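Chemist:
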Amino acid sequence: MNYDDISALQAIMDASRKIVFFTGAGVSTESGIPDFRNTDGLYNQSYRYPPETIISHDFFMADPEEFYRFYRDRMIYQDARPNAAHLKMAEFEKAGRSLGVVTQNIDGLHQLAGSKKVYELHGAITRNYCTHCHQFYSLKDILEQTGVPHCEKCGSIIKPDVVLYQESLDYDVINKAVDTISQADTLVVAGTSLVVYPAAGFLNYFRGRNLVLINLSVTSADRGANLVIRGKVGEVLSQIEVR
Ligand code: NAD
Ligand code: ZN
Numbered sequence: 003m004n005y006d007d008i009s010a011l012q013a014i015m016d017a018s019r020k021i022v023f024f025t026g027a028g029v030s031t032e033s034g035i036p037d038f039r040n041t042d043g044l045y046n047q048s049y050r051y052p053p054e055t056i057i058s059h060d061f062f063m064a065d066p067e068e069f070y071r072f073y074r075d076r077m078i079y080q081d082a083r084p085n086a087a088h089l090k091m092a093e094f095e096k097a098g099r100s101l102g103v104v105t106q107n108i109d110g111l112h113q114l115a116g117s118k119k120v121y122e123l124h125g126a127i128t129r130n131y132c133t134h135c136h137q138f139y140s141l142k143d144i145l146e147q148t149g150v151p152h153c154e155k156c157g158s159i160i161k162p163d164v165v166l167y168q169e170s171l172d173y174d175v176i177n178k179a180v181d182t183i184s185q186a187d188t189l190v191v192a193g194t195s196l197v198v199y200p201a202a203g204f205l206n207y208f209r210g211r212n213l214v215l216i217n218l219s220v221t222s223a224d225r226g227a228n229l230v231i232r233g234k235v236g237e238v239l240s241q242i243e244v245r
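If you're matching positions, the sequence shown starts at 3 in my numbering and goes up one per residue.
1. Which of the three DSSP states is assigned to Pro66 in this structure?
2. On the DSSP bridge assignment, give the partners of Thr52 in chain order.
3. For chain D, check one thing: does any of its Cβ atoms lie closer than 8 Å to the Cβ of Gln137?
4. Output the boundary residues of the alpha helix (DSSP H) element that contains Thr182.
5. By DSSP's criteria, Pro162 is part of a beta bridge. Which residues make up the other side?
6. Determine, using beta-carbon pairs with one atom in the region 89 to 108 and one in the region 116 to 134, whether at least three such pairs fall under 8 Å.
7. With respect to the alpha helix (DSSP H) encompassing Val235, which residues constitute its N-terminal and C-terminal limits?
8. Is it the case that the CB of His134 approaches a heavy atom of the ligand ZN more closely than 7 Å?
9. Name the two residues that bound the continuous beta strand (DSSP E) containing Ile216.
10. With distances taken from CA atoms, which of Ser170, His134, Ser58, Ile176 is nearest Asn157?
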């Protein structure tokens with residue numbers, strides 16, 4: 003990242019009226035939540051099973067105790083707070099300059115930062131439902147129990163509203179996300195390796211003028227971008243003004 007990158011990004015943002023942010027785990031690493039594929043990310047830590055096995059639908063059904071041990075330990079970061087990236091994205095929306103955030107994250111930090119239009123492709127840890135009677139439970143409710151949380155009404159297991167491997171994305175969320183991306187004049191793709199599908203494929207619906215990539219490592223979308231910034235998204239966006 004250098005001064006030219008920041009001024010080029012500032013110029014693009016100044017000229018844009020319908021900015022959409024497309025975010026991944028890299029947007030929350032500066033809040034202390036590890037991503038999946040970085041050197042110290044979740045995929046490089048050792049567990050009895052690989053993360054993609056544990057956080058699958060079959061595994062949840064077969065061994066909820068082990069699922070929740072991993073989930074509580076590695077997917078819930080209750081003290082994490084929004085960083086400069088989340089806050090700047092919310093500021094653009096508040097100023098009427100952004101159509102919202104399409105995110106693969108499940109941490110709820112975009113909403114905590116004040117973003118209202120957030121399309122959570124993979125759900126969120128902040129919503130949980132009884133697998134039998136569908137009673138809603140907050141993250142606080144889950145944290146108040148230990149091990150596998152159970153419904154206080156019917157005693158069945160509670161499941162986080164998070165899209166597990168083998169599960170499909172919510173149709174309504176997909177539609178809104180795709181619709182929002184297709185209306186954008188500028189799409190800022192930040193902190194995502196773009197290897198998780200179908201989420202990564204939604205970039206193909208972008209029809210606007212400026213595609214901006216902010217990521218620490220190379221992605222498949224870099225070649226088609228108008229501006230690629232190799233840096234930390236929080237550090238980059240903290241230098242951008244909403245004006
Ligand atoms: P990923 O882990 O595959 O990729 C993260 C990318 O962000 C990497 O390319 C990395 O180089 C980059 N990165 C890391 N820190 C950065 C920073 N500060 N600034 C800029 N770039 C940075 O993440 P993904 O593409 O979102 O896909 C992984 C899946 O993992 C998603 O489906 C998501 O649901 C889930 N996940 C979510 C969280 C979360 O909610 N915070 C955390 C881990 C994984
Ligand atoms: Zn119930």
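Think of the CB as a built atom: it goes at the ideal place given N, C-alpha and C, for glycine as much as any other residue. The structure displayed is predicted, hence computed values, not measured ones.
Modeler: Straight from the coordinates:
1. Helix.
2. One detail in the question is off: residue 52 reads as Pro in this sequence, not Thr. Note: Pro52 sits in no beta bridge, so no partner.
3. No chain D appears in the structure shown, which is made up of a single protein chain.
4. For Thr182, the enclosing alpha helix (DSSP H) begins and ends at 173 to 185.
5. Looking at the DSSP output, Pro162 bridges to Asn130.
6. Yes, they touch.
7. Boundaries of the alpha helix (DSSP H) harbouring Val235: 235 to 239, taken from the DSSP string.
8. Yes, the ligand ZN has a heavy atom inside 7 Å of this Cβ.
9. Per DSSP, the unbroken beta strand (DSSP E) holding Ile216 starts and ends at 212 to 216.
10. With the sequence shown as reference, residue 157 is identified as Gly, and Asn is not the correct amino acid for it. Of the listed residues, the one whose Cα sits closest to Gly157 is His134.
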